[in-house]
Amino acid sequence: MASRSPIQDSDHKLDILEHVNQDHSEEVLAIAESHLNGSFKIVSAKIVDLFEEGVLIQASTLDEKTSESNTSDNHQDVFAPFVINGSLEDKILYLAYAAIVKQGRDFSGTGKRFFEVINTQNITRNITRLTLQSSTPLPDYYPGHAFAFVLKSLQKRPEFVASPQNKKSWQKNLFDRVFIWLMKHLSNKQRQKLLMSANKDVRLYTLRKAWQSEASDFIDQAHVDIFTHDNTLGSQWANSLNKGDIISSRSEAKDKHPHLHQGQALLIADETAYPALAGILEQWQNPIAPYIILLSEKESEQAYFSHTDLPNDAQIERIVCAPQQQGKKVLTVLEKITEIDAVWGAFESDSAKQVRHFLRNERKVMGRNNHTKAYWRLNTKR
Numbered sequence: 022m023a024s025r026s027p028i029q030d031s032d033h034k035l036d037i038l039e040h041v042n043q044d045h046s047e048e049v050l051a052i053a054e055s056h057l058n059g060s061f062k063i064v065s066a067k068i069v070d071l072f073e074e075g076v077l078i079q080a081s082t083l084d085e086k087t088s089e090s091n092t093s094d095n096h097q098d099v100f101a102p103f104v105i106n107g108s109l110e111d112k113i114l115y116l117a118y119a120a121i122v123k124q125g126r127d128f129s130g131t132g133k134r135f136f137e138v139i140n141t142q143n144i145t146r147n148i149t150r151l152t153l154q155s156s157t158p159l160p161d162y163y164p165g166h167a168f169a170f171v172l173k174s175l176q177k178r179p180e181f182v183a184s185p186q187n188k189k190s191w192q193k194n195l196f197d198r199v200f201i202w203l204m205k206h207l208s209n210k211q212r213q214k215l216l217m218s219a220n221k222d223v224r225l226y227t228l229r230k231a232w233q234s235e236a237s238d239f240i241d242q243a244h245v246d247i248f249t250h251d252n253t254l255g256s257q258w259a260n261s262l263n264k265g266d267i268i269s270s271r272s273e274a275k276d277k278h279p280h281l282h283q284g285q286a287l288l289i290a291d292e293t294a295y296p297a298l299a300g301i302l303e304q305w306q307n308p309i310a311p312y313i314i315l316l317s318e319k320e321s322e323q324a325y326f327s328h329t330d331l332p333n334d335a336q337i338e339r340i341v342c343a344p345q346q347q348g349k350k351v352l353t354v355l356e357k358i359t360e361i362d363a364v365w366g367a368f369e370s371d372s373a374k375q376v377r378h379f380l381r382n383e384r385k386v387m388g389r390n391n392h393t394k395a396y397w398r399l400n401t402k403r
């Protein structure tokens, strides 16, 4: 068996392990499928440990040799060795990309979508609401569901032609393989430049709400609320859109919140995460009211929640501060909260990391119950 050296920075290891398991289950499944030998069908997979040399995955499998009426559910340990040098995130990302490309799938996501802008309005001074029409079904569960929007617009509706996901053009397949080759052979610094270049005109924005219009037989319309400020590319794009414009997304990612359905929940959000938080509150199922911490650089932005029905008896702490102070201010509030069972939070990266580690190490909110994530990074523009 290959050597397995422990990763010394346990907090960093747990950050990566929990993030990948929570938000990238399909990628973990792809890695497991590409490394498990035998006639097994993998039902689900999760990372159980990380080492300097590779990733240990536990796969839930069905033995395909057994009859359909006599299938056995088993757990198989799969060790996938790293094949590139670089950060822990890069190593796992490469394993996922390589596995997906090997399977002939498109690693850029679940496929492209097009939307027509049917209305724009300002919800607050710096939050712009896009009302969008989709020609393909939108998700039933919308809170936190994010689309990677391409920062361009079209003036003419494209033809929507459904094509099987597994039948990519040979050009796209070749591009994917070249991209994977580059990822493997470039230095860590060059690899980061390549990834930044590939994503420079793409921004992730979450759905605020999705619904079925009267003329449709599926969920086809949505609100996307975008925090705009300064002169960022995303702000310029959102403010330039008009009714009738066609916009596109190249991938999407769902967010899941079953851990919030019981126990004392804590919710934290800054302006970039207000739409996701509003969606979570709109579909609140827990009989216990949550603690809510709202962060903003300007007090006026918190008026966004005047449009949202909050759970009865919810305890709300409103913090107005510079982004650099988010972590410190949140930790001060947490000292006054005696019981925390589950957390969902989304705000600036360094602050989210600070709060996530405090909740894990001091308040023992672990693993799947601690969804404290970064929505943006201070040294880059939102």
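Residues are numbered in our numbering as their position in the sequence shown, beginning at 1, plus a constant of 21. A virtual CB, placed ideally from N, CA and C, is assigned to each residue, including glycine. Bear in mind the structure is a predicted one, so any value in this text is a computation, not a measurement.
Could you check how far apart the C-beta atoms of K112 and F100 are, in whole angstroms? I think they sit under 8 angstroms. Contact flag wrong, Cβ pair sits at about 13 angstroms.
According to DSSP, what are the bridge partners of K67? Q79
Quick check on DSSP: helix, strand or coil for Y295? helix
Using the Cα positions of Y226 and H244, report the straight-line distance between them to the nearest angstrom. 11 angstroms
Assigned exposure category for H96 - 16 Cβ within 10 Å defines buried: exposed
In this structure, does DSSP put L35 in helix, strand or coil? helix
Grab the span of the alpha helix (DSSP H) containing W305 for me, first residue to last. Careful: W305 lies outside any alpha helix (DSSP H) and carries neither H nor E.
For D30, count neighbouring Cβ atoms within 10 angstroms of its own Cβ and tell me buried if that reaches 16, exposed if not. exposed
With burial defined as no fewer than 16 other Cβ atoms inside 10 Å of the residue's Cβ, what is the status of P160: buried or exposed? exposed
With C-beta atoms as the reference, is A80 less than 8 angstroms away from L116? no
Check whether the segment 299 to 314 and the segment 277 to 291 touch, using three or more Cβ-Cβ pairs below 8 angstroms as the test. yes
Measuring CA to CA, which of K34, T149, S26 is closest to G388? K34
Using the Cα positions of E235 and S155, report the straight-line distance between them to the nearest angstrom. 14 angstroms
Under the DSSP definition of a beta bridge, which residues are partnered with F135? S269
If you draw a straight line from the C-alpha of Q323 to the C-alpha of R384, how long is it? 28 angstroms
Within the same chain, show all residues whose beta-carbon is closer than 7 angstroms to that of L298, passing over the 5 residues directly before and after it, in chain order. L288, A290
Endpoints, the beta strand (DSSP E) within which V364 is located: 363 to 369
8 angstroms Cβ cutoff met for G300 and L228: yes
Indicate the three-state DSSP secondary structure (helix, strand or coil) for I28 in the structure shown. coil
Would you be able to state if there are at least three C-beta pairs under 8 angstroms between the segment 269 to 288 and the segment 362 to 380? yes
Going by DSSP in three states, W202 sits in which element: helix, strand or coil? Any reading at W202 is ruled out, since the residue's pLDDT is 48, under 50, leaving its predicted position unreliable.
Same chain, Cβ closer than 7 angstroms to D334, five either side skipped, listed in chain order: A310
Please go through the same chain and pick out, in chain order, the residues whose beta-carbon is closer than 7 angstroms to the beta-carbon of R25, but skip the five residues on each side of it. F72, E74
What residue does the alpha helix (DSSP H) around A51 start on, and which one ends it? 46 to 56
Identity of the residue in A119, S65, S270 nearest V171 by Cα: S270
With a 10 Å radius around its C-beta and 16 neighbouring C-beta atoms as the bar for buried, classify Q347 as buried or exposed. buried
Assign N42 to one of three DSSP states: helix, strand, or coil. helix
Extent of the continuous beta strand (DSSP E) run through L316: 312 to 317
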